[in-house]
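> The structure is given below, and queries will be raised subsequently.
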Amino acid sequence: MGNERRLAVRSEAAQLAVLTAFLKEFWSAAALPAEGSLPFELALEEVFMNVVMHGAPAGAARVEVSLHLDGGSLAMSIADDGPPFDPLSLPAPDVTAGLHERRIGGQGVHLVRQMMETVGYRRVGTRNILTLGRQIGR
Amino acid sequence: MKVRLEKVPRATLVIAEGRLDFGAAPAFQKELEQAVAAAHASEAKAVIVDCAALDYVSSAGLRTFLQAARASQRAGVVFALSTLQPAVREVFELSGFSRMIPIHADRTAALAKISATKTPDGQ
């Protein structure tokens, strides 16, 4: 296989399983170590569900995921044609808050930031593009 | 995702297996609520979620644990997790959830901790 793959879906929750299967297929086709996939699965879910729940009306946006393997690093970009929104602008949750004070909002993006080595957002034309990358342990 | 509830002498066990993602979270939350209610109604007021076969958790999954931990505290039930896989453990640590919810190395350690922290009620 080549070292780049793309898939586009509509912005509806049911498509999460399709995207996850796409990532897993890429992972096994490239013979990447299984234990390194969680950060990417998690980033894909968190970013996609953010678009589904907070972006354009359900199903109205088109979300394109691309995976690019370059040496020991994987870059994943997630582009959507919803309204301009930079998820990286969300404030980090207070991870020291107690059980009853803790708020869950922003948790997903916070995890993605910490688990990835590179994160970047840009608005290009009518699309939000989030780019995430990290080394794959071998 | 597969979930099984099991009663043992000192706790209600929730055995979680597979992926706890956005799609699986609502059903898992109901299972946790049932487990907390069962523990509340029993002598052994403790819930242990055995995560040995849980290989993925996202923020939607973390939310279910947070809600169950809060409900447990209100109900006077001990709520703890055991046997987290390394990648899942990392999610709990990075999110700070490992500071809010007790996590034990395995089921035996979790049960031992419950016995040690419970005050004898004279029965």
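Residue numbers (the working numbering), protein chains in the order written: chain L, -19 to 118; chain R, 83 to 205.
C-beta: ideal position from N, C-alpha, C; glycine also.
All figures in this text were calculated on a predicted structure; none of them were measured in a lab.
1. Residues of chain L with a CB under 8 angstroms from the CB of R/F147: which are they?
2. Quick check: is the beta carbon of L/V75 nearer than 9 angstroms to any beta carbon in chain R?
3. Taking L/Q94 as the reference, which of L/A40, L/F20, L/N30, L/F28 has the closest Cα?
4. Can you tell me which of the three DSSP states R/K127 falls into?
5. Please check if any C-beta of chain R sits within less than 9 angstroms of the C-beta of L/Q94.
6. From the DSSP output, in three-state form, read off R/F179 for me.
7. If we cut at 9 angstroms on Cβ distances, does L/G35 have a partner in chain R?
8. Are any of the Cβ atoms in chain L nearer than 9 angstroms to that of R/I183?
9. Within the same chain, show all residues whose beta-carbon is closer than 6 angstroms to that of R/P184, passing over the 5 residues directly before and after it, in chain order.
10. For chain L, is any of its Cβ atoms less than 9 angstroms away from the one on R/L176?
11. Could you tell me whether any Cβ in chain R is nearer than 9 angstroms to the Cβ of L/L12?
12. On the DSSP bridge assignment, give the partners of L/I84 in chain order.
13. Do you know how far the Cα of L/L22 is from the Cα of L/Q(-5)?
14. Provide the residue span of the alpha helix (DSSP H) that contains L/E25, from first to last.
15. Write down the C-beta distance between L/V31 and L/G62 rounded to the nearest angstrom, noting that I regard them as a contact closer than 8 angstroms.
16. Should L/E81 go down as buried or exposed, given a rule of 16 or more other Cβ atoms within 10 Å for buried?
17. Return helix, strand or coil for L/S57, following the three-state DSSP convention.
18. Quick test of the definition: if touching needs 3 or more C-beta pairs under 8 angstroms, does the segment 95 to 103 of chain L touch the segment 185 to 199 of chain R?
19. Comparing C-alpha positions only, which one of R/A198, R/A123, R/V96, R/A106 sits nearest to R/G158?
20. Do R/A142 and R/L102 have their beta-carbon atoms positioned less than 9 angstroms apart in this structure?
21. Determine the burial state of L/V104: buried for a count of at least 16 other Cβ atoms within 10 Å of its Cβ, exposed for fewer.
22. Tell me which residues share the same chain as L/L110 and place their Cβ nearer than 6 angstroms to its Cβ, disregarding the 5 neighbours each side in the sequence.
23. In this structure, how does DSSP classify L/S46 when only helix, strand and coil are distinguished?
24. Could you give the distance in angstroms between the alpha-carbon of L/S53 and the alpha-carbon of R/S180?
25. Determine whether the Cβ of R/R92 lies closer than 9 angstroms to any Cβ atom of chain L.
According to the data block:
1. Locating residue 147 of chain R in the second sequence gives position 65, counting from the first residue. By Cβ distance, chain L contributes nothing, its closest Cβ being about 10 angstroms from R/F147, past 8 angstroms.
2. Taking the first sequence and counting its residues from 1, the one referred to as residue 75 of chain L is at position 95. True, the Cβ-Cβ gap to chain R drops below 9 angstroms.
3. Here residue 94 of chain L refers to the residue found at position 114 when the first sequence is read from its first residue. For the residues L/A40, L/F20, L/N30, L/F28, the minimum Cα distance to L/Q94 belongs to L/F20.
4. Position 45 of the second sequence, counting from 1, holds the residue named residue 127 of chain R. Note: R/K127 maps to coil in three-state DSSP.
5. As a first step, residue 94 of chain L must be located in the first sequence, where it is residue number 114. Cβ-Cβ to chain R under 9 angstroms: yes for L/Q94.
6. Within the second sequence, numbered from 1, the residue matching residue 179 of chain R stands at position 97. Helix at R/F179.
7. Here residue 35 of chain L corresponds to residue number 55 of the first sequence, with the count starting at 1. Output row for L/G35: interface = no.
8. As a working mapping, residue 183 of chain R is identified with position 101 in the second sequence. Interface residue, yes.
9. Taking the second sequence and counting its residues from 1, the one referred to as residue 184 of chain R is at position 102. So the qualifying residues of the chain are A162.
10. Within the second sequence, residue 176 of chain R is the residue found at index 94, counting from 1. For R/L176, the answer is yes, since a Cβ of chain L falls inside 9 angstroms of its Cβ.
11. Walking along the first sequence from the start, residue 12 of chain L turns up at place 32. By this cut-off, L/L12 is not an interface position.
12. Position 104 of the first sequence, counted from the start, is the residue given in the question as residue 84 of chain L. Note: L/I84 sits in no beta bridge, so no partner.
13. Counting from 1 along the first sequence, the entry for residue -5 of chain L is found at position 15. Counting from 1 along the first sequence, the entry for residue 22 of chain L is found at position 42. C-alpha separation (whole angstroms): 15 angstroms.
14. Counting from one through the first sequence, the residue named residue 25 of chain L turns up at place 45. First-last of the alpha helix (DSSP H) with L/E25: 18 to 34.
15. On the first sequence, residue 31 of chain L is found 51 positions in, with the first residue counted as 1. On the first sequence, residue 62 of chain L is found 82 positions in, with the first residue counted as 1. So it is a contact: roughly 6 angstroms between Cβ atoms.
16. The residue given as residue 81 of chain L occupies position 101 in the first sequence. So L/E81 counts as exposed.
17. By 1-based counting over the first sequence, the position of residue 57 of chain L is 77. L/S57: strand per DSSP, three-state reduction.
18. no
19. For the purposes of this step, residue 158 of chain R is taken as the residue at position 76 of the second sequence. The shortest Cα separation from R/G158 among R/A198, R/A123, R/V96, R/A106 belongs to R/A123.
20. For the purposes of this step, residue 102 of chain R is taken as residue 20 along the second sequence, with counting starting at 1. For the purposes of this step, residue 142 of chain R is taken as residue 60 along the second sequence, with counting starting at 1. In this structure, R/A142 lies closer than 9 angstroms to R/L102 by Cβ.
21. Against the first sequence, residue 104 of chain L aligns to sequence position 124. When all chains shown are included, L/V104 counts as exposed.
22. For this step, residue 110 of chain L is matched to residue 130 along the first sequence. Counting only Cβ-Cβ distances below 6 angstroms, and skipping sequence neighbours, we find V27, I58, Y101.
23. Your numbering for residue 46 of chain L matches position 66 in the first sequence. Reduced to three states, the DSSP call for L/S46 is strand.
24. As a working note, residue 53 of chain L is residue 73 in the first sequence. As a working note, residue 180 of chain R is residue 98 in the second sequence. Approximately 29 angstroms between the Cα atoms of the pair.
25. Taking the first residue of the second sequence as position 1, residue 92 of chain R is located at position 10. It does not: the Cβ of R/R92 has no partner Cβ on chain L nearer than 9 angstroms.
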